[in-house]
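Student: Heads up, the sequence shown is in our numbering, so the first residue is 436 and it goes up one at a time.
Beta carbons: idealized from backbone N, C-alpha and C, even for Gly.
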Amino acid sequence: MTNTATPIYTPLREAAAALRSDGYALLQPQDLATLAGLPLDTLNALIPSWDALAPDNYLKDGGRYRRRRHSCFVQQGRELTQTPHRAHWQPLEYNALHGGMHRLFEPVQPDTVAQPAWPALITAIGQLCSAARENSAPWYVEAHQFRIDTTDGIGRPTPEGAHRDGVDFVAVILIARDGIKGGETRVFEAEGPNGKRFTMTAPWTMLLLDDATVIHESTPIQPLAQHGHRDTLVLTWRAGGFQGQETSP
């Protein structure tokens, strides 16, 4: 596994090709803003909503370190339509810890979804996924706002360990790191020996993954100061429907 103290970013113009060849692309904040067609200040207007996340009451490890909100959308080109609120579901094949459960989280707040940055960001990344896949079919998008905190001494961004999500593409966008150490990102080939490890530190850094070809995880965080936490926006794109759609109530 390659360990780099400083992330090696993917040039924006090479992102689609990197997804096809390497299974991931790592964009620096300004390139993500350029992709979305927005100044960073407009993206930053979303950040206060992470202070209003709800507790995740489904953690099987008994932890209290995760807060989140979750909503679903359908993307067709640049059009993004929010669906009626629904549970998040993954099979055990992809999430051995929390798979097989219909987890109904609090939705993303309407004021957040209504901000110009929300649809612009999601649809721009989705179009990059379409370019990498050379596919213009609708995407079924799930959006997860996460806060992992260190109130109990340790927080686990990925308690299920290294995993795939059972979708086509996954974006992990760093929103904030405050008073913590740890939280290293690790990306491994799903069918090979190679891997990368690095720590995302700058808000709006984005790791975009081809979920079929790589697995990923983030290491636990520990406090350096009171109320230490790590905030992320995790977005997934899946063709053909949401996971569990055929089995949902």
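Our contact map puts Arg599 next to Glu619 with C-beta atoms below 8 Å; I'd like the distance itself, whole angstroms only.
Tutor: The residue you call residue 599 lines up with position 164 of the sequence shown. The residue you call residue 619 lines up with position 184 of the sequence shown. Incorrect: roughly 19 Å between the Cβ atoms, too far for contact.
Student: To the nearest angstrom, how far is it from the Cα of His664 to the Cα of Glu514?
Tutor: Here residue 664 corresponds to residue number 229 of the sequence shown, with the count starting at 1. Here residue 514 corresponds to residue number 79 of the sequence shown, with the count starting at 1. So the two alpha carbons sit approximately 33 Å from each other.
Student: DSSP puts Trp524 in a beta bridge; with which residues?
Tutor: What you label residue 524 is simply residue 89 of the sequence shown in a count that begins at 1. Answer by DSSP bridge pairing: none, since Trp524 is not bridged.
Student: Can you tell me whether Trp672 is buried or exposed? The criterion is at least 16 other CB atoms within 10 Å of its CB, across all chains shown.
Tutor: Locating residue 672 in the sequence shown gives position 237, where the first residue counts as 1. Flag for Trp672 reads buried.
Student: What residue from Ala451, Gln510, Leu467 and Arg455 has the CA that sits closest to Ala637's CA?
Tutor: For this step, residue 637 is matched to residue 202 along the sequence shown. Comparing Cα-Cα distances from Ala637 to each of Ala451, Gln510, Leu467 and Arg455, the minimum goes to Leu467.
Student: Report the rounded CA-to-CA distance for Ala567 versus Arg455, giving the unit in angstroms.
Tutor: Position 132 of the sequence shown, counted from the start, is the residue given in the question as residue 567. Position 20 of the sequence shown, counted from the start, is the residue given in the question as residue 455. About 6 Å.
Student: Here's the rule I'm using: 16 or more other beta-carbon atoms within 10 Å means buried, otherwise exposed. How should Gln678 be labelled?
Tutor: Here residue 678 refers to the residue found at position 243 of the sequence shown. Burial call: buried.
Student: In terms of residues, what are the limits of the beta strand (DSSP E) holding Leu692?
Tutor: What the structure shows of the chain is the stretch from 436 to 684, and residue 692 is not part of that stretch, so it cannot be assessed.
Student: Short of 7 Å in beta carbon distance, which residues of its chain neighbour Pro474, apart from the five on each side in sequence? Order them along the chain.
Tutor: Translated into the one-based positions of the sequence shown, residue 474 becomes position 39. These residues qualify, in order along the chain: Ala468.
Student: How big is the Cα-Cα spacing for Arg582 and Pro592?
Tutor: Within the sequence shown, residue 582 is the residue found at index 147, counting from 1. Within the sequence shown, residue 592 is the residue found at index 157, counting from 1. Computed Cα separation, rounded: 9 Å.
Student: Which of the three DSSP states is assigned to Glu626 in this structure?
Tutor: On the sequence shown, position 191 is the one that residue 626 refers to. Residue state, collapsed to three classes: coil.
Student: With DSSP as the reference, label Thr445 as helix, strand or coil.
Tutor: Taking the sequence shown and counting its residues from 1, one reaches residue 445 at position 10. Coil, per DSSP.
Student: On the three-state DSSP scale, how would you describe Pro545?
Tutor: Translated into the one-based positions of the sequence shown, residue 545 becomes position 110. In this structure, Pro545 counts as helix in the three-state DSSP scheme.
Student: Leaving out five residues before and five after Ala552 in sequence, what residues of the same chain have Cβ atoms less than 8 Å from its Cβ?
Tutor: Against the sequence shown, residue 552 aligns to sequence position 117. If we look at Ala552 and ignore the five residues flanking it on each side, its Cβ neighbours are Ala471, Leu473, Thr477, Leu478, Ala480 and Leu481.
Student: Between Leu563 and Ala674, which are expected to be in contact by the criterion C-beta below 8 Å, what is the C-beta distance as a whole number of angstroms?
Tutor: Within the sequence shown, the letter at position 128 stands for residue 563. Within the sequence shown, the letter at position 239 stands for residue 674. Between Ala674 and Leu563 the Cβ distance is about 15 Å, and since that is not below 8 Å, they are no contact.
Student: Identify every run of the beta strand (DSSP E) within the segment 453-527, keeping only runs that are complete inside it and at least 3 residues long; order them along the chain.
Tutor: Whole beta strand (DSSP E) segments, 3+ residues: 459-462, 501-511 and 514-517.
Student: Pull up the distance between the alpha-carbon of Val543 and that of His505, whole angstroms please.
Tutor: Working through the sequence shown from its first residue, we reach residue 543 at position 108. Working through the sequence shown from its first residue, we reach residue 505 at position 70. So the alpha carbons of these two residues sit roughly 6 Å apart.
Student: Hey, Pro658 and Ile610: beta-carbon distance below 8 Å or not?
Tutor: In the sequence shown, the residue the question calls residue 658 occupies position 223. In the sequence shown, the residue the question calls residue 610 occupies position 175. Contact flag unset, no.
Student: Work out the CA separation of Ala522 and Tyr444 for me, nearest whole Å.
Tutor: Sequence index remark: in the sequence shown, residue 444 carries index 9 (1-based). Sequence index remark: in the sequence shown, residue 522 carries index 87 (1-based). Cα-Cα distance, rounded: 34 Å.
Student: For His579 and Trp485, what's the separation of their Cα atoms in angstroms?
Tutor: Walking along the sequence shown from the start, residue 579 turns up at place 144. Walking along the sequence shown from the start, residue 485 turns up at place 50. Whole-angstrom Cα-Cα distance: 11 Å.
Student: Can the beta-carbon of Met641 be found closer than 8 Å to that of Ala597?
Tutor: As a position in the sequence shown, residue 641 is number 206, starting the count at 1. As a position in the sequence shown, residue 597 is number 162, starting the count at 1. It is not a contact, given that the beta carbons lie outside the stated cut-off.
Student: For Leu659, write down the residues that DSSP places opposite it in a beta bridge.
Tutor: For the purposes of this step, residue 659 is identified with residue 224 of the sequence shown, where counting begins at 1. BP columns for Leu659 are empty, so no partner.
Student: So if DSSP puts Trp574 in a beta bridge, which residue, or which two residues, is it bridged to?
Tutor: Position 139 of the sequence shown, counted from the start, is the residue given in the question as residue 574. Paired residues: Gln510 and Ala674.
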